[in-house]
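**Q** Chains as they are written, first to last, in UniProt numbering: chain A, 1 to 145; chain B, 1 to 145.
No residue lacks a Cβ here, since even glycine has one placed at the ideal position from N, Cα and C.
2 protein chains.
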Amino acid sequence: MHITRYTDYSLRVLLYLAVNNKELATIKVIADSYGISKNHLMKIVQHLSAKGHVEAVRGKNGGLRLAAKPEQINIGKLVRDMEQGSPLVECFGTDNECVITPACQLKHVLAEAMESFFQTLDQYSLADMLLPKHMKGLEQILRLE
Amino acid sequence: MHITRYTDYSLRVLLYLAVNNKELATIKVIADSYGISKNHLMKIVQHLSAKGHVEAVRGKNGGLRLAAKPEQINIGKLVRDMEQGSPLVECFGTDNECVITPACQLKHVLAEAMESFFQTLDQYSLADMLLPKHMKGLEQILRLE
DNA sequence: TTTAAAGATGTATGTAAAATACATTTATTG
DNA sequence: CAATAAATGTATTTTACATACATCTTTAAA
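1. What does the Cβ neighbour count give for Asp8 (chain A), buried or exposed, with the cut at 16 atoms within 10 Å?
2. Would you identify the three-state DSSP class for Arg12 (chain B), choosing helix, strand or coil?
3. With distances taken between CB atoms, is the gap from Leu130 (chain B) to Ala25 (chain B) smaller than 8 Å?
4. Could you give the C-beta distance for Val79 (chain A) and Leu121 (chain A), rounded to a whole number, given that I count them as a contact under 8 Å?
5. Between which residues of its own chain and His53 (chain B) is the CB-CB distance below 7 Å, once the five residues before and five after are set aside?
6. Rounded to a whole number of angstroms, what is the C-alpha to C-alpha distance between Asp32 (chain A) and Arg143 (chain A)?
7. Rounded to whole angstroms, what's the CA-CA distance from Ala50 (chain B) to Phe118 (chain B)? Just pull it up for me.
8. Helix, strand or coil: which one does DSSP assign to His53 (chain A)?
9. Taking the alpha helix (DSSP H) that Gly76 (chain B) belongs to, which residues open and close that run?
10. Ser33 (chain B) by DSSP, collapsed to three states: which one?
11. Between which two residues does the beta strand (DSSP E) carrying Gly63 (chain A) extend?
12. Any beta carbon of chain A sitting closer than 8 Å to that of Pro102 (chain B)?
13. For Gln72 (chain B), go through chain A and note every residue whose CB falls closer than 7 Å to its CB, in chain order.
14. Counting C-beta neighbours from all protein chains within 10 Å, is the total for Asn39 (chain B) 16 or more, i.e. buried, or is it exposed?
15. Would you report the Cα separation of Ile30 (chain A) and Met42 (chain A), rounded to the nearest angstrom?
16. Which one or two residues does DSSP pair with Ser125 (chain A) in a beta bridge?
17. Mind checking who His2 (chain A) pairs with in its DSSP beta bridge?
18. Skipping 5 residues on each side, what residues in its chain have a beta carbon closer than 7 Å to that of Tyr6 (chain B)?
19. Let me know if Tyr16 (chain B) comes out buried or exposed under the rule of 16 or more other beta-carbons within 10 Å of its beta-carbon.
20. Give me the Cα-Cα distance between Ala107 (chain B) and Asn21 (chain B), rounded to the nearest whole angstrom.
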C-alpha cells in the first residue's frame, strides 16, 4: 500500500508553511530545507495553490503562505485532493480489464476500506501536526528558529 | 493510493479457487480465465502457498486448492501478507531521508489511517465475497459452470 | 522603465518498481 | 520414463513517478 511522494511532499510543504507562520517562503527555500527537488515541488505547489490550500505570490519578494489557518486545513481533504486519479486497484480506474468486475464483491470491500483510511485522516487538521513538544524541533530542523 | 496487481491477482486466485470449490485448478487455467500472465501468477501462487493461503500440489494432475474454508480466509490478513514491504510513505521504509521524521506527527496519523484500512478488511472473509446473487455470474465468467 | 526575482507551464529525460517473459529444476503420476 | 505441473532463478520490458530543463508571466524594487 502506497501513496506518492507527490502527496508526501505536499504535506511537508504545508507543515513548513505552518511552522513558518504567516511569512512568505519561496519554493527554493522549502526545497532546500527538505533536500528535495525544487522542480518537483513547483508542480506540487501549483496543485496546492489550484486546490486552495496555499496562496502563491508571484514576482519579486513573492513566495507561499497557507491559504487558511492550520485548524482549517484538513489532512483527509488534502490527501484526497493530491491522490485523486490514483486508483487503488485496476478496477477502480479507467481501462479496467478485470473480467469478473460485474460479479465481484471485492471492489466494494476495498472501497469501504479506502473510505476508512480517509475518514481517519478527516479527523485531523494541520494544527494537529503542530504539537508543542515538536515545534522547537521542527523550527530547528527547518532552520526557522 | 495504490495497491499492486500482485495483491490484486492474489485475491483473484483465491476467488477462483473458492468458486472452483475443492477441485484442483492449475495456474495456467486460472491465468487463462483472467487473461493475465501465467508467469506472474506463478510467483504470486508461490507466495500464497508459503503464507498458507493455498495448497499447491506438484506434478501431473497437480494444481491448487484453498488451504482452508473460505470462511477462514481473512481478507485483511491476506492483503497485509501480500502488501508487506510496501511502505505507505518514505518514512515508513528503510533508507528514509525525510529530515523532519523525529519531530513529525504525520507518520502517526498516517499509520492510524492505514490501520483503519486493514481493520475494515479484517471484518471480511473470502466467504463474504461469494454472494449467492453473484455465484452464477462468477462461474460463467470463469467458465466453471 | 528596466532588471531581477519568483511562480506558472510545458516538454523531456532519468529511474526504480512492477509486471512479464524465459529457462531450468524438482516433484508426482500414470 | 515420459508427461505434467509447481518451484526457482534470471532477465527483460513496461510504466509510473520523479526529476531536470527551458521558457513564459507576474511583480516589485532599483
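**A** This is what the structure gives:
1. Along the first sequence, read from residue 1 onward, the residue named residue 8 (chain A) stands at position 8. By the 10 Å Cβ count, Asp8 (chain A) comes out buried.
2. The count along the second sequence starts at 1 and reaches residue 12 (chain B) at position 12. Reduced to three states, the DSSP call for Arg12 (chain B) is helix.
3. If you number the second sequence from 1, residue 130 (chain B) lands on position 130. If you number the second sequence from 1, residue 25 (chain B) lands on position 25. It is not a contact, given that the beta carbons lie outside the stated cut-off.
4. Here residue 79 (chain A) corresponds to residue number 79 of the first sequence, with the count starting at 1. Here residue 121 (chain A) corresponds to residue number 121 of the first sequence, with the count starting at 1. The pair is a contact, with the Cβ atoms about 6 Å apart (cut-off 8 Å).
5. Counted from its first residue, the second sequence places residue 53 (chain B) at position 53. Only Leu14, Ala67, Ile73 and Leu78 meet the Cβ criterion.
6. For the purposes of this step, residue 32 (chain A) is taken as the residue at position 32 of the first sequence. For the purposes of this step, residue 143 (chain A) is taken as the residue at position 143 of the first sequence. Distance between the alpha carbons of Asp32 (chain A) and Arg143 (chain A) is about 10 Å.
7. Counting from 1 along the second sequence, the entry for residue 50 (chain B) is found at position 50. Counting from 1 along the second sequence, the entry for residue 118 (chain B) is found at position 118. Rounded to the nearest angstrom, the two C-alpha atoms are 21 Å apart.
8. On the first sequence, residue 53 (chain A) is found 53 positions in, with the first residue counted as 1. His53 (chain A) falls in the coil class under three-state DSSP.
9. For the purposes of this step, residue 76 (chain B) is identified with residue 76 of the second sequence, where counting begins at 1. Gly76 (chain B) -> alpha helix (DSSP H) spans Ile75 to Glu83.
10. Position 33 of the second sequence, counted from the start, is the residue given in the question as residue 33 (chain B). Residue state, collapsed to three classes: helix.
11. Indexing the first sequence from 1 puts residue 63 (chain A) at position 63. Counting along the chain, the beta strand (DSSP E) containing Gly63 (chain A) begins and ends at Gly63 to Leu66.
12. Here residue 102 (chain B) refers to the residue found at position 102 when the second sequence is read from its first residue. Yes - at least one Cβ of chain A is within 8 Å of the one on Pro102 (chain B).
13. Against the second sequence, residue 72 (chain B) aligns to sequence position 72. Within chain A, no residue comes near Gln72 (chain B); the closest Cβ sits about 17 Å away, beyond 7 Å.
14. As a working mapping, residue 39 (chain B) is identified with position 39 in the second sequence. It counts as exposed.
15. Along the first sequence, read from residue 1 onward, the residue named residue 30 (chain A) stands at position 30. Along the first sequence, read from residue 1 onward, the residue named residue 42 (chain A) stands at position 42. Those two C-alpha atoms are separated by around 11 Å.
16. Taking the first sequence and counting its residues from 1, one reaches residue 125 (chain A) at position 125. DSSP, once it has assigned bridges, lists A:Asn74 as partnering Ser125 (chain A).
17. For the purposes of this step, residue 2 (chain A) is identified with residue 2 of the first sequence, where counting begins at 1. Note: His2 (chain A) sits in a beta bridge opposite B:His2.
18. The residue labelled residue 6 (chain B) in the question sits at position 6 within the second sequence. Result list for Tyr6 (chain B): Ile44 and Met82, in chain order.
19. Here residue 16 (chain B) refers to the residue found at position 16 when the second sequence is read from its first residue. Classification for Tyr16 (chain B): buried.
20. Here residue 107 (chain B) refers to the residue found at position 107 when the second sequence is read from its first residue. Here residue 21 (chain B) refers to the residue found at position 21 when the second sequence is read from its first residue. The question names Ala, yet the displayed sequence has Lys at residue 107 (chain B). So the two alpha carbons sit approximately 42 Å from each other.
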